[in-house]
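In the working numbering, the protein residues as written are 436 to 948. Ideal Cβ placement from N, Cα and C applies to all residues, glycine included. Model, not experiment: these values are computed from the prediction.
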Amino acid sequence: MNFVKFFAVSLCLSLGSTTTLAAFPTECGKALPSGQAVVINGKDANALEFPWHAGLYIKVSQEWTQICGGSLIHQKLVLTAAHCLYEEAKYGRTINAENFKVSFGSPFRDWSRITQYVQRKNVSRTFPHPHYRGLRRNHVDDIALVELSQPVTFTDNVRPVCVDRDGSLLRDGSEGKVVGWGQSALNSETPSPVLQSADMPFIPFDRCLDAVHPDFAQFLSPEKFCAGQINGSAVAPGDSGGGLAFPFDGRWWLSGIVSVGPRNRLSYSAFTRVASHRDWIDSVVKMIEETQELSSLTECREFSNQVYGNSKKSFCGIQRKPKVAGLAGPREFPHMALVGFGNASDIQWTCGGSLISPTFVLSLALCLMHNGDRVEWVLLGDLIRSIESDEAQPQRIAVDEVFMHPMYKPPVQYHNIGLIRLKRPAQLNEFVHPACLHTERSVRESTVIVSGWGSSEFGDAELADHMKRIEMDVVSNEVCEAKYNGLSALSKTRLPEGLRDDLLALEKLACIK
């Protein structure tokens, strides 16, 4: 009998995204004589290095022209700078959403240069920060969200960045990277045709304030931070709205948005601090989800690095036939995963799990370790385990790290939940796709569906060959407790406190591993 508790965990739902900042068309960043929204003297960047980077385009003289950068934080959301959507010369009018297009997965700035990996989307709505007023408030709250008309497909070239929600990566000595198509040289007025990247060390506020020109210091508000160096690498017009991301734990985390920088490359640039606006970001995403039933970051709030989940594993041995039980169909449960142990030539598949982001699988804590060995493999997109000619597209991916609930203490089965981080992101398609996570403590539905390769007979240790599906009734803990109390002492060992209110009770015919 397996139950899973609601449990919060930090992760980049591939779960991540990034952004940078620039001004509108030809006036990009030239608001003051001594300052400009500013990668000068950067190096060519591979699209695979920064798959979250987006190009924001607007039509100028019948041609689509890149004016800003942005960071993909969700299948339908790009984080950018508010001034990218703002017409300063027209008394702060916001440019209509239909005037924009967004490009992903290409290292080339030129709209007409199409690669096999590029994805282009129209914009359905824009959300500049409500307090942004351009130069009238010295570019305070220079942050915006762009909602795409259609979700992107996550690939090696197009993936979101993680969001540094608490600003914990912004500390003296940390170094991030900024990307964009800004000027390739300081004295050049021509944007770089190829995506550029530059290293950007974080600069403490007081040190920055002492170093910059007084005309630029007026832009350094508490919701900004400084980064840069004096080797000639800087952000430039065309980089605006793009993201400054910092590496941590094998992933990139978006901490800043390119906002404004001095013309002098021997100085620092100012970035909008993403963590200062997390409540506003959350409110916009919540509004979008409520009005359009938008699934979050590949189905799990990508704008956030927190994912909340519960897995419904049921109680064995209740002798009541399910309403519907049978074989699962192709593409019916694209989130389903098998987890296994051993080397690549002899994998023992022992448990199931659910893909919740391109890089994370949710499973039971008891499935992550076996006889002292850690789980090594995850299989996604499969239907019939014994054959490869069925209508499926399996992906076998090695495991990078596992995270067991710290309060899981077997044989007691409370807190029986764990996360598996994959060594590489899954390729999302119609056969492999994350599940949405139920974030409420209650379950309104009276019937739920459980899928997996559970044993065909009660007590059988072998997994089934064909994925199964089964409808199950949600029952009250009181009803389940009455049946639970009549079971063996083994159940008392596993659930000594009975069914607590953080457990979900289901009735089914046999165990689903």
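Here F660 is bridged, per DSSP, to F706. Sixteen is the threshold: when 16 or more other Cβ atoms of the shown chains lie within 10 Å of the Cβ of D577, as they do, the residue is buried. The bridge partners DSSP lists for M907 are V883. In this chain, the alpha helix (DSSP H) harbouring D641 covers 640 to 646. Distance from the CA of L507 to the CA of S798, rounded to the nearest whole angstrom, comes to 27 angstroms. The beta carbon of Y552 lies closer than 6 angstroms to those of G540, N592 in the same chain, with the five residues before and after it left out. Per DSSP, A772 lies in no alpha helix (DSSP H); the unbroken beta strand (DSSP E) holding it starts and ends at 771 to 776. Assigned with DSSP and collapsed to three states, P626 falls in strand. Burial check for K903: the Cβ neighbour count within 10 Å reaches 16 or more, so the residue is buried. Each of R571, N534, S538, N573 was checked against the Cα of R560, and the nearest Cα belongs to N534. Judged by DSSP secondary structure, F866 falls outside any beta strand (DSSP E); it is assigned neither H nor E.
Ranked by how close their Cα comes to the Cα of D684, the residues E875, L857, Y703, V587 have L857 in first place. Counting the other Cβ atoms within 10 Å of the Cβ of E724 gives fewer than 16, which makes it exposed. An exposed status is given to T550, since fewer than 16 other beta-carbon atoms sit within 10 Å of its beta-carbon. The continuous stretches of beta strand (DSSP E) do not include D650, which lies in the alpha helix (DSSP H) extending over residues 649 to 652.
Between the alpha carbons of G663 and D634 lies a gap of roughly 7 angstroms. For I502, the enclosing beta strand (DSSP E) begins and ends at 498 to 509. In the three-state scheme derived from DSSP, where H, G and I count as helix and E and B as strand, M842 is classed as coil. Membership of F795 in the beta strand (DSSP E) is indicated by the continuous run 795 to 798. For a cut-off of 8 angstroms, the C-beta gap from E658 to V575 is around 7 angstroms, short enough to register as a contact. Contact annotation: A710 and D599 have beta-carbon atoms nearer than 8 angstroms. Take the alpha-carbon of A680 and the one of A705: they are about 14 angstroms apart.
In this structure, H564 places its C-beta atom within 8 angstroms of the C-beta atom of W715. Take A652, set aside five residues on each side of it, and the residues of its chain with a beta-carbon closer than 7 angstroms to its own are L644, in chain order. Within the same chain, Cβ atoms closer than 6 angstroms to the Cβ of H850 are found at K440, H840, M842, Y843, the five residues on either side in sequence being excluded. Under the DSSP assignment, C786 falls in the beta strand (DSSP E) whose first and last residues are 783 to 792.
Annotated as proximal: A516 and T707, with beta-carbon spacing under 8 angstroms. The alpha carbon of P765 has as its nearest neighbour, out of S886, A779, C786, the alpha carbon of S886.
Residue environment: E610 is assigned as exposed (fewer than 16 neighbouring CB atoms within 10 Å of its CB, all protein chains considered). In chain order, F459, I493, L520, Y521, E522, T561 place their CB closer than 8 angstroms to the CB of I530, counting only its own chain and leaving out the 5 sequence neighbours on each side. Taking the Cα positions, R528 is about 29 angstroms away from S547. The beta carbons of E865 and T882 sit no closer together than 8 angstroms. DSSP, read as helix, strand or coil, puts W812 in strand. The C-alpha of Q828 lies about 55 angstroms from the C-alpha of D641. Per DSSP, the continuous beta strand (DSSP E) segment holding V537 begins and ends at 535 to 539.
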